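Chemist: For the protein sequence lines, the chains are A, B, C and D, in the order given.
According to the working numbering, the first sequence is numbered sequentially starting from 187.
According to the working numbering, the second sequence is numbered sequentially starting from 6.
According to the working numbering, the third sequence is numbered sequentially starting from 6.
According to the working numbering, the fourth sequence is numbered sequentially starting from 37.
Every residue gets a Cβ at the ideal spot worked out from N, C-alpha and C, and that includes glycine.
Please read these numbers as outputs of a predicted model, since none were measured by experiment.
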Amino acid sequence: MDKNIIKQHGLSDEEYKAILKYLGREPNLVELGIFSVMWSEHCSYKSSRVHLKKFPTTGPQVICGPGENAGIVDIGDGQAIVFKMESHNHPSFIEPYQGAATGVGGILRDVFTMGARPIALLDSLRFGAANHAKTPQLVNGVVAGIAGYGNCMGIPTVGGEVYFDESYNGNILVNVMCVGLVKKHQIFRAKASGVGNPVIYVGSKTGRDGIHGATMASDVFDEGSEEKRPTVQVGDPFTEKLLLEACLELMQSAQGRKDVVGIQDMGAAGLTSSSVEMAGRGGVGFEMDLAKVPLRETGMTPYEIMLSESQERMLLVAKKGSEKRIKAFFEKWDLDSEVIGTVVKGGQLSLKVGDELVADLPTIPLTEKAPLYKRPIKKPAWQEKIQELDLATIPLLKDWQEPLLKLLASPSLASKQWVYRQFDHMVGIDTVMIPGGDAAVLRLKGTHKGIAMTTDCNSRYCYLDPFEGGKMAVAEAARNLVCVGAKPLAATDCLNFGNPEKPEIMWQFEQAVLGIAEACRVLGTPIVSGNVSLYNETKGEAIYPTPTIGMVGLLENVEDHCQLGFQQEGDLVVLLGELSEELGGSEYLKVIHGLTRGLPPRVSLDLEKRVQQLCLAGIHAHLIGSAHDCSEGGLAVALAESCFPRELGVEVQIGF
Amino acid sequence: MKVNVYVTLKQGVLDPQGKAVGHALDTLGFKNVANVRIGKLIELEIAAKNKTQAKEEVKEMCEKLLANTVIESYQFEIE
Amino acid sequence: MKVNVYVTLKQGVLDPQGKAVGHALDTLGFKNVANVRIGKLIELEIAAKNKTQAKEEVKEMCEKLLANTVIESYQFEIE
Amino acid sequence: MKIGIVVFPGSNCDRDCFHVLKTLKQDVRYLWHKNATFPKMDALVLPGGFSYGDYLRTGAIARFSPIMKEVVRFAKGGGKVLGICNGFQVLTETGLLPGVLMRNEGLKFICESVPLEVVNYQTPFTTAYGARSSVQIPIAHMDGNYFADDETLRRLEGEGQVVFRYLNNPNGSARNIAGICSKKGNILGMMPHPERCAEDVLGNQDGRKLFESLIG
Chain A
187 MDKNIIKQHG LSDEEYKAIL KYLGREPNLV ELGIFSVMWS EHCSYKSSRV HLKKFPTTGP
247 QVICGPGENA GIVDIGDGQA IVFKMESHNH PSFIEPYQGA ATGVGGILRD VFTMGARPIA
307 LLDSLRFGAA NHAKTPQLVN GVVAGIAGYG NCMGIPTVGG EVYFDESYNG NILVNVMCVG
367 LVKKHQIFRA KASGVGNPVI YVGSKTGRDG IHGATMASDV FDEGSEEKRP TVQVGDPFTE
427 KLLLEACLEL MQSAQGRKDV VGIQDMGAAG LTSSSVEMAG RGGVGFEMDL AKVPLRETGM
487 TPYEIMLSES QERMLLVAKK GSEKRIKAFF EKWDLDSEVI GTVVKGGQLS LKVGDELVAD
547 LPTIPLTEKA PLYKRPIKKP AWQEKIQELD LATIPLLKDW QEPLLKLLAS PSLASKQWVY
607 RQFDHMVGID TVMIPGGDAA VLRLKGTHKG IAMTTDCNSR YCYLDPFEGG KMAVAEAARN
667 LVCVGAKPLA ATDCLNFGNP EKPEIMWQFE QAVLGIAEAC RVLGTPIVSG NVSLYNETKG
727 EAIYPTPTIG MVGLLENVED HCQLGFQQEG DLVVLLGELS EELGGSEYLK VIHGLTRGLP
787 PRVSLDLEKR VQQLCLAGIH AHLIGSAHDC SEGGLAVALA ESCFPRELGV EVQIGF
Chain B
6 MKVNVYVTLK QGVLDPQGKA VGHALDTLGF KNVANVRIGK LIELEIAAKN KTQAKEEVKE
66 MCEKLLANTV IESYQFEIE
Chain C
6 MKVNVYVTLK QGVLDPQGKA VGHALDTLGF KNVANVRIGK LIELEIAAKN KTQAKEEVKE
66 MCEKLLANTV IESYQFEIE
Chain D
37 MKIGIVVFPG SNCDRDCFHV LKTLKQDVRY LWHKNATFPK MDALVLPGGF SYGDYLRTGA
97 IARFSPIMKE VVRFAKGGGK VLGICNGFQV LTETGLLPGV LMRNEGLKFI CESVPLEVVN
157 YQTPFTTAYG ARSSVQIPIA HMDGNYFADD ETLRRLEGEG QVVFRYLNNP NGSARNIAGI
217 CSKKGNILGM MPHPERCAED VLGNQDGRKL FESLIG
């Protein structure tokens, strides 16, 4: 195999040698393509897997942890919550509308492939500086894409966050989270089994969309990225709505539960990752005939069919003999469904076109035995320097009115109503607390319960101290859920970092993971799913480390939900927890003095837990009328934000 | 001068609208229709010294705003 | 036979999209542009015995589905 | 009361209307768009959503679903038909109600609760409001900009066919029209979503009275 074809596929020399060992021969182009996407950073997590093991992932409430398409948490009365977060950073920079839209489409499929009906979407967005030339066009495209897809699907987009910082000028972040609801006995897994069972392709036809989307996600952005425009994936929310309804009707029917053995969505690396992963999990092999795959374009090669990332497609393994019954569900919704292969003994994926064999690969080396790297780690030389902050050098302002107004008007802190007004956040008529509060709250029809959800991360803190920043992201997510009256249950994550081949970036990654792990342990919120997005870097400069945390909480009685705004005159305003002089990495320093320096606030997890428990108890005892966490902008901004909803004022004595 | 700009999706790019309209025409009994693609027609008037200068400007408008050159291509006529 | 259908808003019907595009072009520095109108270009292929029969069918398609004759007018070319 | 909710591919608010009518103890069922006929019904609901992805024009394709011939016959025969958001758009495409819903003036999708005036409280859908009153009902649409020629607008106003009006116009609709009914009053099309404010837990019940009027 020619040297630079291998390089073009993003495979290192050692990786290619390993392929030769596993195959016992040279791979052909189709096989090389399959190895390259399965061993890409995006699919194999080869640089991060060794660290992800440090997360706590179990607990009495956890039904399914990392490793499946989404995490599942038990909420009692035979119901469970399915949720996950995914990133679509690179495609959204190239084509903002379609990049963001297909990000929504992908995360929705990860949830309903497990049998759950998606009930909410959240989006965590990070753009460059508001006055950067490209920012307005990227913001309009991404917001319109999320609205276009989510609204058409009829899934409410109920929360999230939008930040602006020059660190993202060349590499925006689009993290999308989906939450679904399922009855515990209707959960489906992505595991194939039963030799002779049919492998069924359902959904849209296959085209040449986004070929190498998976490896592209692992590519560094540089000047050439404008030209290196792979055919970006284009989403069709209408077809996905049909796919959602058809799949749920099948999976929720008594016969369907017996017929369907395993199901997985075709995400990054399309037919390749879904077939290889399902077969690998079940310890079986797949024999597939690519001539049977429904195609949208003529003359597609096996290579293109296997690597295409056309959207709105699922792969299903069913019981032998149930093919007709299953096809009827998809015909009702005018969707393609074709038997394209069968489950076979052994662990080989063998691909044919008619009866010509075009690829024959072992599945285990593509999944479990994918390369695992312990990348070199080195604390950055500049870390100490940026942590230095001598408050004496910061001029003490005489007038505090002006800076507070400037903070409240700064792009990251200002109201995001202009964004979430474009999202249908009420369809489904479950949204009890609409966007704008600390967390979204949805009621669960037929029960008294409520589900709260939020996404959080302060990437400036993570840049200044990744360990404390990681702890803070988890603590803040839990705090937001508690402020609306919910008990935090479990978390998902989207770990957005720079180039893992640089020791400084791996140091940031390891420290953040350690911080997140410790906070999850102490606060009792295990990580049940997640995603890693690396190579977020432009011209050698990495973004701030951004480990976004998505968290879900439970309200036993949704009537106990708590608002952010002050309720009535005469109420007392109480500060729970300690106020210490921690200005490091604060919004004040950045917006008013243009400084990004100092150590971020230290979270004492034990104190955090007790403050949260006290706040939750106060809310449930109806002693607390409203609650709001102090985050960016500190106490002053938190007090201001609490005044807005009911246009009330507040008088505060600052003790010293 | 009157200008007509035609913005269409590039070949190979999925056209969900075209797919849906094609399906609808079929169910309405127009069985002999294929390959339906939906694009944009932008009509505008431009004051320019001569046709070549107008052509230059319209081209620049398409590149900068009227077409998303990642997934769309454009043509235009100047009367 | 290749068919191009042009669906445009009738005169006098408000065109918010045209207005917005006109405004955007202005802010980008194209000061000599006026009267921007946004319409649809529908491309399709039709198998018909001859041009007149094709014309008949395309006209019917426009009347029935492709244009909302309350606010839109249509033209088409058959190559 | 037997109420049928028509489900097109892409309808989203069918489940929401079903839930609200169930809480009002009604005999409600879904009617799949591919069925050319449906059992005897007292009223029909065309729900909100993105039928056929809103491709080409909102409601343009749904109008040709097999069930629509029967829906038109039912409506012309005096049967009560409620079209909400996308449902209103389908009713205008079929000609059961005049005018067109065009792209919002601001070109963006808008989802928020807006103040409306109940202009005609004598239709089968608004008797429970009892008087000319203002209510707060959510809207969620990209194409809610109602348009009709002046002659039609004059007729709608003159014949009392304007049922709901925006108090501060969010999308550019002519005469601030948010909802209109047919001459006989048995067909109502409205862009706001009454099913989104019909239960106490959601903190606003202004939409409940519309369903209470319907089931009479």
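Straight-line CA distance for Trp519/A to Lys69/B?
Modeler: Counting from 1 along the first sequence, the entry for residue 519/A is found at position 333. Counting from 1 along the second sequence, the entry for residue 69/B is found at position 64. So the two alpha carbons sit approximately 40 Å from each other.
Chemist: Report the residues of the stretch 31 to 51 of chain C with a CB closer than 7 Å to any CB of chain D, ordered along the chain.
Modeler: So nothing in the stretch comes that close.
Chemist: What number of angstroms, rounded off, separates the C-alpha of Ala39/C from the C-alpha of Glu62/B?
Modeler: Within the third sequence, numbered from 1, the residue matching residue 39/C stands at position 34. Within the second sequence, numbered from 1, the residue matching residue 62/B stands at position 57. Looking at the two C-alpha atoms, the distance is approximately 14 Å.
Chemist: So, helix, strand or coil for Trp68/D, using DSSP?
Modeler: What you label residue 68/D is simply residue 32 of the fourth sequence in a count that begins at 1. Correct three-state label for Trp68/D: strand.
Chemist: Assess contact between the stretch 421 to 434 of chain A and the stretch 15 to 34 of chain B, defined as three or more Cβ pairs (one per stretch) separated by less than 8 Å. Is contact present?
Modeler: Yes, since at least three Cβ pairs between the stretch 421 to 434 of chain A and the stretch 15 to 34 of chain B fall closer than 8 Å, the two stretches touch.
Chemist: To the nearest angstrom, how far is the alpha carbon of Gly771/A from that of Val248/A?
Modeler: Working through the first sequence from its first residue, we reach residue 771/A at position 585. Working through the first sequence from its first residue, we reach residue 248/A at position 62. So the two alpha carbons sit approximately 35 Å from each other.
Chemist: Distance check for His55/D and Tyr774/A, CA to CA, integer angstroms please.
Modeler: Within the first sequence, residue 774/A is the residue found at index 588, counting from 1. Within the fourth sequence, residue 55/D is the residue found at index 19, counting from 1. Using only the alpha carbons, I get a separation of about 48 Å.
Chemist: At 7 Å on the CB atoms, spell out the chain D contacts of Val10/C, in chain order.
Modeler: Position 5 of the third sequence, counting from 1, holds the residue named residue 10/C. In chain order: nothing, as chain D lies at least about 11 Å away.
Chemist: Of all the CB atoms in chain C, is at least one closer than 8 Å to the CB of Leu70/B?
Modeler: The count along the second sequence starts at 1 and reaches residue 70/B at position 65. Output row for Leu70/B: interface = yes.
Chemist: Looking at the secondary structure, which residues open and close the beta strand (DSSP E) in which Asn40/B lies?
Modeler: Stepping through the second sequence from its first residue, residue 40/B is reached at position 35. 38 to 51 is the span of the beta strand (DSSP E), which, as asked, contains Asn40/B.
Chemist: Asn73/C versus chain D: which residues are under 8 Å apart at the beta carbon?
Modeler: For the purposes of this step, residue 73/C is taken as the residue at position 68 of the third sequence. What Asn73/C touches in chain D: Arg93, Ala96, Glu129, Val136.
Chemist: Identify the contact partners of Val26/B in chain D, using a Cβ-Cβ distance below 7 Å as the criterion.
Modeler: Translated into positions along the second sequence, residue 26/B becomes position 21. Tyr91, Leu92, listed in chain order.
Chemist: Can the beta-carbon of Cys816/A be found closer than 8 Å to that of Ala824/A?
Modeler: Locating residue 816/A in the first sequence gives position 630, where the first residue counts as 1. Locating residue 824/A in the first sequence gives position 638, where the first residue counts as 1. Yes, they are a contact pair.
Chemist: Got a sec: is the Cβ-Cβ distance from Pro423/A to anything in chain D below 8 Å?
Modeler: Position 237 of the first sequence, counting from 1, holds the residue named residue 423/A. Interface residue, yes.
Chemist: Buried or exposed: which applies to Ser249/D, given that a residue is buried once 16 or more other Cβ atoms fall within 10 Å of its Cβ?
Modeler: For the purposes of this step, residue 249/D is taken as residue 213 along the fourth sequence, with counting starting at 1. Ser249/D is buried by the Cβ-count criterion.
Chemist: Taking Asp31/C as the reference, give the member of Lys36/B, Asn37/B, Ile43/B, Ile51/B with the closest Cα.
Modeler: Position 26 of the third sequence holds residue 31/C. It is Ile51/B.
Chemist: Looking only at C-alpha atoms, which of Cys338/A, Lys776/A, Asp546/A, Ala286/A sits nearest to Tyr91/D?
Modeler: Translated into the one-based positions of the fourth sequence, residue 91/D becomes position 55. Comparing Cα-Cα distances from Tyr91/D to each of Cys338/A, Lys776/A, Asp546/A, Ala286/A, the minimum goes to Cys338/A.
Chemist: Any beta-carbon of chain D closer than 8 Å to the one on Gln80/B?
Modeler: Translated into the one-based positions of the second sequence, residue 80/B becomes position 75. So, not an interface residue.
Chemist: CB-CB under 7 Å to Cys354/A, same chain, minus the five flanking residues each way: which ones, in chain order?
Modeler: Position 168 of the first sequence, counted from the start, is the residue given in the question as residue 354/A. According to the sequence as given, residue 354/A is Tyr; it is not Cys. Here the set comprises Arg312, Phe313, Gly314, Ile729.
Chemist: Whose Cβ in chain B lies nearer than 8 Å to the Cβ of Tyr88/D?
Modeler: Within the fourth sequence, numbered from 1, the residue matching residue 88/D stands at position 52. Here the neighbours are Ala25, Ala29.
Chemist: If you measure from the beta carbon of Val3/C to each beta carbon in chain D, is any gap under 8 Å?
Modeler: Nothing about residue 3/C can be reported from this structure: the residues present for chain C run from 6 to 84 only.
Chemist: Does Pro731/A come out as helix, strand or coil in the three-state DSSP assignment?
Modeler: Translated into the one-based positions of the first sequence, residue 731/A becomes position 545. It is coil, neither helix nor strand.
Chemist: Within a Cβ cutoff of 8 Å, which residues of the same chain sit near Gly410/A, ignoring the five residues on either side of it in sequence?
Modeler: Residue numbering aside, residue 410/A sits at position 224 when the first sequence is read from its first letter. Bear in mind that the predicted position of Gly410/A carries a pLDDT of just 48, short of 50, making it too unreliable to give a figure here.
Chemist: Which bits of chain B does Phe100/D rub up against, with CB to CB less than 7 Å?
Modeler: If you number the fourth sequence from 1, residue 100/D lands on position 64. By Cβ distance, chain B contributes Ala29, Thr32, Leu33.
Chemist: By Cβ distance below 8 Å, which residues in the same chain neighbour Lys688/A in space, the five residues on each side in sequence not counted?
Modeler: As a working note, residue 688/A is residue 502 in the first sequence. Here the set comprises Ala728.
Chemist: Going along chain B, which residues have a C-beta under 9 Å from Thr13/C?
Modeler: Here residue 13/C corresponds to residue number 8 of the third sequence, with the count starting at 1. Going along chain B in sequence order, the residues near Thr13/C (Cβ under 9 Å) are Leu46, Glu48.
Chemist: Is DSSP giving Ala176/D helix, strand or coil here?
Modeler: Translated into the one-based positions of the fourth sequence, residue 176/D becomes position 140. Of the three classes helix, strand and coil, the one that applies to Ala176/D here is strand, per DSSP.
Chemist: Short of 6 Å in beta carbon distance, which residues of its chain neighbour Asp78/D, apart from the five on each side in sequence? Order them along the chain.
Modeler: Position 42 of the fourth sequence, counted from the first residue, corresponds to residue 78/D. Once the five neighbours on either side are set aside, the close Cβ partners of Asp78/D are Met37, Lys38.
Chemist: Mapping the DSSP letters down to three states, classify Ala25/C as helix, strand or coil.
Modeler: In the third sequence, the residue the question calls residue 25/C occupies position 20. Correct three-state label for Ala25/C: helix.
Chemist: Is Asp179/D closer than 8 Å to Leu118/D when the C-beta atoms are compared?
Modeler: As a working mapping, residue 118/D is identified with position 82 in the fourth sequence. As a working mapping, residue 179/D is identified with position 143 in the fourth sequence. Not closer than 8 Å, so no.
Chemist: Please decide whether Gly46/D counts as near chain A, where near means a Cβ-Cβ distance under 8 Å.
Modeler: Taking the first residue of the fourth sequence as 1, we reach residue 46/D at position 10. It does; some Cβ of chain A falls within 8 Å.
Chemist: Which word fits Lys414/A, buried or exposed, when buried means at least 16 other C-beta atoms lie within 10 angstroms of its C-beta?
Modeler: Position 228 of the first sequence, counted from the start, is the residue given in the question as residue 414/A. Legend: pLDDT at Lys414/A = 40, less than 50; position of this residue unreliable, value from coordinates given subsequently. Exposed.
Chemist: Quick one: what's got a C-beta closer than 6 Å to Ile192/A's C-beta in the same chain, skipping five residues either side?
Modeler: Here residue 192/A refers to the residue found at position 6 of the first sequence. Within the same chain, Ile192/A has close Cβ partners Tyr202.
Chemist: For Arg190/D, go through chain C and note every residue whose CB falls closer than 7 Å to its CB, in chain order.
Modeler: Here residue 190/D corresponds to residue number 154 of the fourth sequence, with the count starting at 1. The contacting residues do not exist; Arg190/D stays about 16 Å from chain C at best.
Chemist: If contacts are defined as beta-carbon pairs under 8 Å, then Pro230/D and Gly243/D qualify, I think. What distance do you get, rounded to the angstrom?
Modeler: Taking the first residue of the fourth sequence as position 1, residue 230/D is located at position 194. Taking the first residue of the fourth sequence as position 1, residue 243/D is located at position 207. 3 Å between Cβ atoms; contact.
Chemist: Where are the alpha helix (DSSP H) runs, 4 residues long or more, that stay fully inside the stretch 638 to 704 of chain A, in chain order?
Modeler: Within the stretch 638 to 704 of chain A, the complete alpha helix (DSSP H) runs of at least 4 residues are 645 to 650, 652 to 669.
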